[in-house]
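Chemist: Take this structure first; my questions come after.
2 protein chains.
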Amino acid sequence: MTALNAHPDKASLETVIRSLSEQFGNRAVTNPGVLGTHANTLTWVAPQPPDIVVFPHSTEEVSAIVKLCAAHRVPIIPFGAGTSFEGHVNAPWGGVSIDTREMNRVLAIHSEDLDCVIEPGITRKALNEQLRDTGFFFPIDPGADASLGGMVSTRASGTNAVRYGTMKDNVLSLKVVLPNGEVMTTARRAKKSSAGYDLTRLFVGAEGTLGVITEITLRLSGIPEAISAGICPFPSVKAACDATILTIQSGLPVARIELADEWQVKAFNLHSKLSLPETPMLFVEFHGTEQGVKEQAERFGDIAVEYGGGPFEWATKPEDRTRLWQARHDAYWSALSLRPGCKVIATDVCVPISRLAECVVETQKDVQATGLTAPIVGHVGDGNFHLTLLCDMDSAQEVETCRAFLHRLVERSLAMEGTCTGEHGVGQEKMKYLLKEHPAATLDTMRAIKQAIDPQNIMNPGKIVAV
Amino acid sequence: MTALNAHPDKASLETVIRSLSEQFGNRAVTNPGVLGTHANTLTWVAPQPPDIVVFPHSTEEVSAIVKLCAAHRVPIIPFGAGTSFEGHVNAPWGGVSIDTREMNRVLAIHSEDLDCVIEPGITRKALNEQLRDTGFFFPIDPGADASLGGMVSTRASGTNAVRYGTMKDNVLSLKVVLPNGEVMTTARRAKKSSAGYDLTRLFVGAEGTLGVITEITLRLSGIPEAISAGICPFPSVKAACDATILTIQSGLPVARIELADEWQVKAFNLHSKLSLPETPMLFVEFHGTEQGVKEQAERFGDIAVEYGGGPFEWATKPEDRTRLWQARHDAYWSALSLRPGCKVIATDVCVPISRLAECVVETQKDVQATGLTAPIVGHVGDGNFHLTLLCDMDSAQEVETCRAFLHRLVERSLAMEGTCTGEHGVGQEKMKYLLKEHPAATLDTMRAIKQAIDPQNIMNPGKIVAV
């Protein structure tokens with residue numbers, strides 16, 4: 178019997194690897210290159226590769242893998258597209274990475290019910306491609322072309338969460354392989370239910386620590402009749418945040434409202450060959466009827482002027498809109514153009530919107546005082562912002578400076594009634610902050626749930642509640 | 178040591194009662210009348226009164242009560258306004274009813290963040306009264322003037338969930354006294370977070386079986402600039418449902434869309450002295466700007482005509498709207514006017530909206546075939562509908578007929594991918610259906626969570642997962 182939080186014993190691991198290789202043939206891979214890509218993609222966390230990667234095709238196959246691992250107490254790491262930031266897919270004690278990329282079918286589209294049933298490996302862009310002719314789309318957009326399984330697991334949100342909510346609001350039901358290999362569905366396809374504990378929401382954001390998601394029923398939204406987007410410069414971050422607060426308070430159903438600080442705008446200009454004025458800026462988008470969108474845009478314009486914003490640049494043509502949002506989505510990559518050769522450390526915090534301006538301004542001051550390069554983009558309608566910190570990983574001193582800076586960022590957010598992560602998740606890197614964010618009884622409750630559902634601690638061990 | 182699912186031993190109970198009486202004085206009540214009102218209000222489930230009712234004033238007092246009960250293994254039944262339908266507040270093994278009615282303060286209103294912090298005993302009408310001057314309101318409206326703690330615990334929704342979501346979408350955080358008396362908060366006040374398991378959603382809908390809620394942070398919504406409401410008759414329930422589906426599919430942001438079948442309209446006429454044509458009818462309401470509401474109403478009108486609906490009767494004056502919705506909200510009471518002297522058995526199911534017409538029509542046929550009186554009202558935008566079954570409780574045969582009918586209703590809903598309850602909850606009456614609604618592994622997971630958080634099974638025992 179292996180201990181918890183330790184490598185499985187060698188014989189057990191070998192048995193599992195042999196058995197998976199027999200069963201899955203070339204869909205069970207131990208090639209070091211493939212193992213490496215399953216440990217580390219966009220994160221700066223040091224890679225910890227698994228011992229084997231398996232590419233199942235069905236819930237039954239996932240169940241078989243999990244039962245095998247459970248019998249031998251070998252860790253399981255569910256894997257989507259590997260776009261997470263906080264070390265979610267690392268395998269600190271080795272084990273089996275279950276890569277769901279080949280489980281990527283759309284199983285059903287229920288137009289009358291505005292939902293669809295999909296497999297977890299499909300990415301959001303591929304899903305929207307398949308939905309295109311239906312008149313519906315799946316709105317959640319974290320920027321990266323993440324897998325839906327991963328988006329469920331990190332409780333992802335992104336640019337248009339301010340209108341469409343986060344993954345927790347857009348998942349109707351999940352099929353899950355539990356740590357004992359049993360299969361459960363969390364809910365029926367009805368739009369709402371009060372039939373017992375909300376297991377759907379328990380697995381949304383569980384980061385693969387409670388089971389492997391093998392099917393997802395998603396809510397869909399109608400493609401809006403009209404969309405208008407635009408950018409609006411502001412004299413200061415505070416002015417942009419205040420305009421955002423009033424927009425939200427006024428009940429304007431803005432679909433996206435994104436802040437880029439002056440550094441991020443500079444990065445956009447460099448990376449996307451734009452010529453925006455290098456001042457804080459809001460990227461906004463409205464969805465609705467032709468008339469409604471016009472009305473919303475006018476109202477937003479009035480609010481912006483109140484805070485010294487403008488002039489607007491509206492993009493009603495789809496290609497202009499795409500260019501605009503592509504620039505915004507390339508924030509991660511564009512930041513690199515400010516200091517080529519560095520690693521980008523992407524992180525996020527979220528505070529009540531009333532504290533946002535203060536939190537961003539203090540963070541900018543800290544960036545300047547520390548001499549770091551760290552542009553800021555924010556889903557400001559939700560009080561959520563990202564830092565794309567540029568770090569020369571070859572300089573131990575700079576790495577240390579970055580660590581200390583990130584620590585202060587989280588502390589600042591927590592001091593303002595915020596959370597250590599609005600949408601990226603806990604993974605390995607933010608476990609230490611849960612103890613500061615939540616009372617001890619809250620962490621005890623999370624641990625009790627993990628222990629109850631995964632008593633052997635084989636399901637993505639070393640994440641969320643492992644410290 | 179008492180066994181699980183049994184009355185506490187007499188000495189333990191006496192110790193707890195004596196201790197509570199000493200500590201709480203006249204806020205600890207053993208008067209049989211008061212005990213009776215804590216077992217049975219709007220439900221038809223046979224009453225099972227607690228042994229004592231306590232009226233705490235603070236989280237600390239609740240914690241003290243729970244610690245006392247935990248030490249002596251005495252059941253605890255959290256109590257709000259007692260408006261639940263499925264036997265949620267019964268005390269099958271006696272114990273302590275914690276009535277939160279005196280914990281009814283609004284602790285904070287954060288206008289900039291569109292949230293407020295309240296105690297659980299405040300009712301939704303009292304809350305909206307206190308919010309009136311702020312420009313905000315709390316939209317969830319289950320009809321009854323329920324307590325917010327109760328609404329959280331049953332995952333309530335109601336008439337405008339189609340636009341504003343259910344309680345799960347409108348709770349930001351909870352303070353909870355756990356079954357061991359420890360106090361936890363489930364989340365920070367930030368609008369979104371990915372910092373660990375979603376304990377907020379786990380306690381929303383847990384029906385008091387995992388802990389006692391002592392503080393709630395709610396999302397608020399802006400009072401719409403313009404509201405317009407109206408009623409529209411349809412030639413059949415199917416036509417009304419089809420018009421609803423198209424309304425939702427078109428992305429019309431309808432705030433309420435409620436079906437009343439011909440029997441329910443008759444009941445409205447009798448009870449509320451209206452003179453509506455006794456045919457299936459949709460009650461609709463739109464929220465938005467003056468212009469937006471007008472546009473929505475016109476679009477809805479076009480859709481209704483397509484399905485043979487009309488003529489409309491629009492109510493733009495607040496007093497007309499109030500009269501209209503008061504009639505709708507009095508569905509429970511108005512049903513009584515169809516068969517005075519009977520008991521009203523209110524129940525609910527929810528199906529994917531595509532199956533709604535079929536489910537309602539089959540249910541109506543069943544009502545006719547059985548000779549029962551059972552008007553139907555439905556939150557049709559969500560696929561959720563209610564039956565207010567009139568039952569002569571003195572006739573054993575009729576009670577039996579009602580039971581069999583309710584059983585068929587749930588079976589029908591489950592056969593259509595629906596749920597046994599959309600918003601009323603499980604309580605005692607619907608436990609048996611969870612086994613049909615969910616796979617065994619789902620129920621095992623719910624039980625494992627209950628066992629992990631409440632190992633002594635003292636927290637509202639005999640509910641949700643007790644069978």
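Each protein sequence line maps, in turn, to chains A and B.
If you count the first sequence from 1, you need to add 177 to reach the numbering used here.
If you count the second sequence from 1, you need to add 177 to reach the numbering used here.
The beta-carbon is built from N, C-alpha and C at its ideal position, and this holds for glycine as well.
So, does the CB of Thr-391 of chain B fall closer than 8 angstroms to a CB anywhere in chain A?
Modeler: Chain A, which has no Cβ nearer than 8 angstroms to the Cβ of Thr-391 of chain B, makes this no.
Chemist: Count the C-beta pairs between the segment 630–639 of chain B and the segment 405–412 of chain A that are closer than 8 angstroms, then say yes if the count reaches three, no if not.
Modeler: Contact between the segment 630–639 of chain B and the segment 405–412 of chain A is absent, because fewer than three Cβ pairs lie under 8 angstroms.
Chemist: Looking at the structure shown, is Asn-446 of chain B part of a helix, part of a strand, or coil, going by DSSP?
Modeler: Three-state result, Asn-446 of chain B: helix.
Chemist: Ordered along the chain, which non-local residues of its own chain (more than five positions away) have a Cβ less than 6 angstroms from that of Ser-274 of chain A?
Modeler: Once the five neighbours on either side are set aside, the close Cβ partners of Ser-274 of chain A are His-215, Pro-227, Val-230, Ile-254 and Phe-256.
Chemist: Using DSSP with H/G/I as helix, E/B as strand and the rest coil, what is Asn-347 of chain B?
Modeler: Correct three-state label for Asn-347 of chain B: helix.
Chemist: Please report whether the beta-carbon of Tyr-509 of chain A lies at a distance below 8 angstroms from any beta-carbon of chain B.
Modeler: Output row for Tyr-509 of chain A: interface = no.
Chemist: State the Cα-Cα distance for the pair Val-544 of chain B and Ala-367 of chain A, rounded to the nearest angstrom.
Modeler: Straight-line Cα distance between these residues: approximately 23 angstroms.
Chemist: For Trp-510 of chain B, which three-state DSSP category applies?
Modeler: Correct three-state label for Trp-510 of chain B: helix.
Chemist: Could one say the Cβ of Gln-628 of chain A lies closer than 8 angstroms to chain B's Cβ atoms, at least one of them?
Modeler: Gln-628 of chain A counts as touching chain B.
Chemist: Would you check if the distance between the CB atom of Asn-281 of chain A and the CB atom of Val-222 of chain A is smaller than 8 angstroms?
Modeler: Contact: no.
Chemist: Cutting at 6 angstroms between CB atoms, please list the residues of its own chain near Arg-433 of chain A, excluding the five before and the five after it.
Modeler: Cβ within range, chain order: Thr-336, Asn-337 and Glu-462.
Chemist: I need the boundaries of the alpha helix (DSSP H) containing Glu-475 of chain A, first residue and last residue.
Modeler: That run of the alpha helix (DSSP H) goes 467–483.
Chemist: Hey, which unbroken runs of the beta strand (DSSP E) at 3 residues or more fall wholly within the segment 233–284 of chain B?
Modeler: Counting whole runs of 3 or more residues, the segment 233–284 of chain B contains the beta strand (DSSP E) stretches 253–256 and 273–276.
Chemist: With distances taken between CB atoms, is the gap from Ala-258 of chain B to Ala-303 of chain B smaller than 8 angstroms?
Modeler: Their beta carbons are not under 8 angstroms apart, which means Ala-258 of chain B does not touch Ala-303 of chain B by this criterion.
Chemist: From Ser-196 of chain A to Glu-238 of chain B, what distance separates their C-alpha atoms?
Modeler: Roughly 57 angstroms separates the two Cα atoms.
Chemist: Under a three-way DSSP split, which group does Thr-619 of chain B fall into?
Modeler: Three-state result, Thr-619 of chain B: helix.
Chemist: With distances taken Cα to Cα, identify the nearest neighbour of Pro-252 of chain B among B:Thr-277, B:Thr-386, B:Ala-551 and B:Leu-219.
Modeler: Of B:Thr-277, B:Thr-386, B:Ala-551 and B:Leu-219, the residue nearest in Cα terms is B:Thr-386.
Chemist: For Pro-529 of chain B versus Glu-588 of chain B, is the C-beta spacing smaller than 8 angstroms?
Modeler: No, Cβ-Cβ distance for Pro-529 of chain B and Glu-588 of chain B is not below 8 angstroms.
Chemist: For the beta strand (DSSP E) holding Asn-561 of chain A, just list the boundary residues, first then last.
Modeler: Element bounds for Asn-561 of chain A: 561–568.
Chemist: Who are the neighbours of Ile-425 of chain A on chain B, taking C-beta pairs under 8 angstroms?
Modeler: Within 8 angstroms Cβ-Cβ: Leu-291.
Chemist: What first and last residue would you give for the alpha helix (DSSP H) that runs through Ile-194 of chain B?
Modeler: Residues 187–201.
Chemist: For the segment 285–293 of chain A against the segment 197–204 of chain B, are there 3 or more C-beta pairs whose distance is under 8 angstroms?
Modeler: Touching, no, given that fewer than three Cβ pairs across the two stretches are closer than 8 angstroms.
Chemist: Distance check for Leu-453 of chain B and Asp-479 of chain B, CA to CA, integer angstroms please.
Modeler: Going from the Cα of Asp-479 of chain B to the Cα of Leu-453 of chain B covers about 21 angstroms.
Chemist: The segment 499–527 of chain A: which residues have C-beta closer than 8 angstroms to a C-beta of chain B, in chain order?
Modeler: The segment 499–527 of chain A vs chain B, Cβ under 8 angstroms: Cys-527.
Chemist: Out of B:Gly-320, B:Gly-298 and B:Asp-419, state which residue places its alpha-carbon closest to the alpha-carbon of Trp-502 of chain B.
Modeler: The shortest C-alpha separation from Trp-502 of chain B is found at B:Gly-320.
Chemist: Could you name the residues of chain B that Glu-597 of chain A contacts, counting a contact when the two beta carbons are closer than 7 angstroms?
Modeler: The sequence given here places Cys at residue 597 of chain A; Glu does not occur at that position. Here the neighbours are Ala-372.
Chemist: Just to check my reading of the structure: Thr-598 of chain A and Ala-372 of chain B have Cβ atoms closer than 8 angstroms, yes? What is that Cβ distance to the nearest angstrom?
Modeler: About 5 angstroms separates the two Cβ atoms, so the contact holds.
Chemist: Along chain B, in chain order, which residues have C-beta atoms closer than 7 angstroms to that of Asn-561 of chain A?
Modeler: Correct list: Lys-369.
Chemist: Taking only runs of the beta strand (DSSP E) that begin and end inside the segment 284–325 of chain B, which ones reach a length of at least 3 residues, in chain order?
Modeler: Here the runs fully enclosed are 292–295.
Chemist: At what residues does the beta strand (DSSP E) containing Leu-395 of chain B begin and finish?
Modeler: Note, Leu-395 of chain B: beta strand (DSSP E), 389–396.
Chemist: Can you give me the C-alpha to C-alpha distance between Thr-596 of chain B and Phe-315 of chain B, rounded to a whole angstrom?
Modeler: If you take the alpha carbons of Thr-596 of chain B and Phe-315 of chain B, they lie about 26 angstroms apart.
Chemist: Look up Asp-525 of chain A in the DSSP assignment and give the residues it is bridged to.
Modeler: DSSP, once it has assigned bridges, lists A:His-563 as partnering Asp-525 of chain A.
Chemist: On a CA-only basis, which of A:Glu-296, A:His-184, A:Trp-270 and A:Gln-473 is nearest Asp-276 of chain A? Give me that one, please.
Modeler: Ranking the options by Cα distance to Asp-276 of chain A, first place goes to A:Glu-296.
Chemist: Measure from the alpha carbon of Glu-475 of chain A to the alpha carbon of each residue in A:Met-570, A:Arg-505, A:Val-431 and A:Lys-450, then state which is nearest.
Modeler: It is A:Val-431 whose Cα lies nearest to the Cα of Glu-475 of chain A.
Chemist: I need the boundaries of the beta strand (DSSP E) containing His-121 of chain A, first residue and last residue.
Modeler: Here chain A covers residues 178 to 644 and nothing more, so residue 121 of chain A does not appear.
Chemist: Please tell me whether Gly-382 of chain A has its Cβ less than 8 angstroms away from any Cβ of chain C.
Modeler: In the structure shown, chain C does not exist; the protein chains are A and B.
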